[in-house]
Every structure is written in C-alpha cells, then in structure tokens.
Amino acid sequence: MKAVFAIVLSVFCTLSWAEEQAGAIFKQWAPSLYQIRLIDNVSGEKSSIGSGFQITADGLIATNYHVISGFAQAPQKYQIQYLDHQGNKGELSLESVDVINDLALVKRSIDSEMSFFTIADDAPLKGEELFSLGNPHDLGMIVVPGTYNGLKKETFNDKIHFTGSVNSGMSGGPVVNKAAQVVGINVATSGNQIGFLVPHDKLAKLFAEYKKAKPESIEAQMAKQLMANQEKLIGTLLESEWQAKELGPAIIPTVDVPFIRCWGDSNADKPEALIFTAMATCSLDEDTFIDNQFFTGMIEMQFQYMETEKVSDLKFYHLYQRQVSHASAGNKVSKEDVTEFKCHHDIVAPSSQGINNKSILCTRNYKKFPDLYDVLYLGLSVDKDTQSLISHFTIAGVSKPMALAFTEQFMESVSWN
C-alpha cells in the first residue's frame, strides 16, 4: 500500500512540477507568441487562424505554411495579420516559405528590439518532456506538456512524434524544451494525444537561407522546393530494391523503402462471385499541401488480378474494362491549378517480361509550376482470355525525366509468372 501511495504521490509531484514549468515558460515568452490570422480583404473576416512565434529581435516570426497558404497563392485576396498577447493587431509580410516541411517566415514592423525564441542546436532525447504552445480553437494561448518520441518512421520527410494535444489553431506554434529553446513546430494531430511536429532543424535551415538572401518570388521558391523534393523522392525509389511479389499468377513489384506502405485484399471468401479478384496497393502515406484545393507529392501503385470460369470471354472483357474506367489520379486539385489530362495509348510488350499490355500514359501540367506534372499510368493485360492484370500508378508533381524513368522501371517489373 505504501508503494502504491508513493507512486501516486510521485505522479502528482511530476504533474505539479510540469505545470509550474509550463506556467513559467508561458509567462516569460508570451510577448513572443502570436495568433496568426488570414484576413479576407472583402469581408474583413478571418479566413483561417494559427499560431506563430518570434525568432529575431526585429520581428521575424515563424509559423506553418498552411496557415498562410491562402495569401501565398492569392495575395490580392488576403492579408496576413498578427494578434499579440495584449490584443494588439498588425499586418505581416510574407518573407519566405518551405512548402515541403510546412513552414513560413512572416515579419511585423517594430519600433524597438523585442524578445524572441532561440532555435535549439540539438534534437531532444527520446522520452524528454517538451512543451507545445499555441492558440487552440481561437480560445487564447495555452501550454501543453508532452513527450518527445523520436521521428515518425513511415515518412519520407521527417516528422516528430509528440505525445501531446496539438489541436486546431495551434499549427505553427513552438514546441520547446525546459530551457525554452525551440525543438519543433506544431503541424498536425492524429487525435488521442498523438501530435506531429516539424523538426527544429528544418526551421533553422529555412532561417539560414533567408539570412543569406530573401527569395525574390515565393512562387519560384515553391517551384524549386517541389522539384527538388520529387527529384529526391523518385531518385530514392529508383535506386532502391524493387522486389518481385506474386499476385495470383502475376508478378508485381514492391519497393523496399519504409515510407511506402502496402495493403492487400481479395474476394476469396466469396465463392459465389462471378469473378475472383485480388488487389494490392502501395502508397506514400503523405503529401504536400499547396492550398485547400491543391495537394501534390503523392505516389500510389495499385494492382488488380482478375480471373473467371463462370462467364464468357466477352462478358469478362466488359467487366474488366469497367474496372479501368474508375482509374483516376489520387491527388486533390482544381481546374485552376492543372491542365486537362493528355493521354497516349499503345500496345506494349516489355522487353524482359512475358506480358502484353494495352498501356495508357496520361499527364497533366501544373499551371503555376510548369516543369511539374501529374502522371497516371494504366497497364491492361491483353494476352489471356479469362485472366487479367491491371497495373496502375499515379505520381503527383514530377518532372518529365523522372516520370519517364519511373514508368520504364514500373513496366519492366510487371509480368506473368
């Protein structure tokens, strides 16, 4: 009983200490914390809100890109505004962005030097207690304690796994250690006390680049970042091991990288089905936010094997073709962002594989980033009467050379067993 009491007492003492520490951090650094608002110029009302924190004495503030994305895409429609801890408001200029890591630098005008947060030199230790600051649900600034759990493993671009409540409106707020040094930036939540942070070194890199030279154009800066990220991503995939895997009598590829995750399904439990179907899908479990109607950076590979002994060849063909009609690119875009798909059709027999495909390769161009494309490929086997394989991939925001290299590798990796 004494042991249990000691444990309970220890927990309460720890919580009390954490609350005191959080209170001290908030009191000291409140002048350097802001609510960041996107204001619609016509209505004068808030379009979105987030949080931000000052990182220089002359008024430079860090936040998330997605908080100010509306202004980045349509500066004539919006203005960026801050609200400080005393209720003062003011306009902010957009200085620089890192669209891949969801970061932005904005700046306010000041009359004299102000206090600011310091970016840490080192990453936290696993299990270290941290403090997330932000403005949840427009309710005012709060401090949320939590634990550093290392980097999320299944991502191409680093994210910190944080055990703490990162709620809506806290996006862009700092996460600090006990010394009040910034070790992460609030970015997303999965609920149930699971939050994700942008690592502090991403902000340090953006800040260092900004000190060297302010970007001449935010749009050009974003185009360069999107291109570099996809070149790195597709390059990594092409250099990794492509493993052969059976799907019925077909051979399909899987790529041996931790950030591509695969799932499978079939109707093997339904013997009454006219057509047996087995599916495998592999995808990148993340994308890049441009605005609410425009996402890029995704990759998906999907395979569907079908066979039958219960229907005629002609009916099987029609059912097979019906499956094809549902194929589409997986990323969300609007017609203002991309051109219409242009498609090329051909019958292809890859040189090293025993399969004949009707191949359809479709591309659409990004209007603001003309060197980038969404690519959709469909391979439809045409060499068996009552068996078929549909192989499909989509890549969002890729250059022509990388798209062609990936397409060749993909097509050469699909065959009959």
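Converting from the sequence shown to the numbering used here requires adding 29 to each position, the first position being numbered 1. All residues carry an ideal CB built from backbone N, CA and C; glycine is no exception.
In this structure, DSSP gives residue 347 a helical state, which the three-state scheme calls helix.
In terms of Cβ geometry, residue 195 and residue 173 form a close pair [threshold 9 angstroms].
Just so you know, the alpha carbons of residue 264 and residue 105 end up roughly 37 angstroms apart. Residue 153 and residue 371 have their alpha carbons spaced roughly 48 angstroms apart. Judged by DSSP secondary structure, residue 99 falls within the alpha helix (DSSP H) whose first and last residues are 94 to 102.
Taking a C-beta distance under 9 angstroms as the contact criterion, residue 334 and residue 272 do not qualify as a contact pair. Residue pairing by DSSP leaves residue 400 without any beta bridge partner. Taking all protein chains shown into account, residue 57 has fewer than 16 neighbouring C-beta atoms within 10 Å of its C-beta and is therefore exposed.
When the alpha-carbon of residue 231 is set against those of 252, 200, 419, 187, the nearest one is in 187.
The Cβ neighbour count for residue 228, taken over all protein chains shown within 10 Å, is at least 16; the residue is labelled buried. Residue 345 is not a Cβ neighbour of residue 420, given a cutoff of 9 angstroms.
For residue 436, the uninterrupted alpha helix (DSSP H) segment begins and ends at 429 to 441.
No Cβ-Cβ contact shorter than 9 angstroms links residue 148 with residue 123. Shown here, residue 164 sits in coil according to DSSP, grouped into three states, outside any helix or strand.
By the neighbour-count definition (other C-beta atoms within 10 Å, threshold 16), residue 136 is a buried residue.
For the segment 246 to 321, the continuous alpha helix (DSSP H) assignments of 4+ residues that do not extend past its boundaries occur at 247 to 268, in sequence order.
Residue 89 sits away from residue 132, with the two beta carbons spaced by 9 angstroms or more.
Here residue 376 is exposed, its C-beta having fewer than 16 other C-beta atoms within 10 Å. The continuous stretches of beta strand (DSSP E) do not include residue 238, which lies in the alpha helix (DSSP H) extending over residues 229 to 241.
DSSP, reduced to helix, strand and coil, places residue 366 outside both helices and strands of the structure shown, so it counts as coil. Its chain contains 62, 164 as the residues whose beta carbon lies nearer than 6 angstroms to that of residue 170, once the 5 sequence neighbours on both sides are disregarded; these appear in chain order. Residue range 189 to 192 is occupied by the beta strand (DSSP E) that includes residue 189. The beta carbon of residue 325 is closer than 7 angstroms to those of 255, 316, 317, 319, 360, 425, 426 in its chain, skipping five residues each way along the sequence. Counting of Cβ neighbours within 10 angstroms places residue 235 among the buried residues, the total reaching 16 or more.
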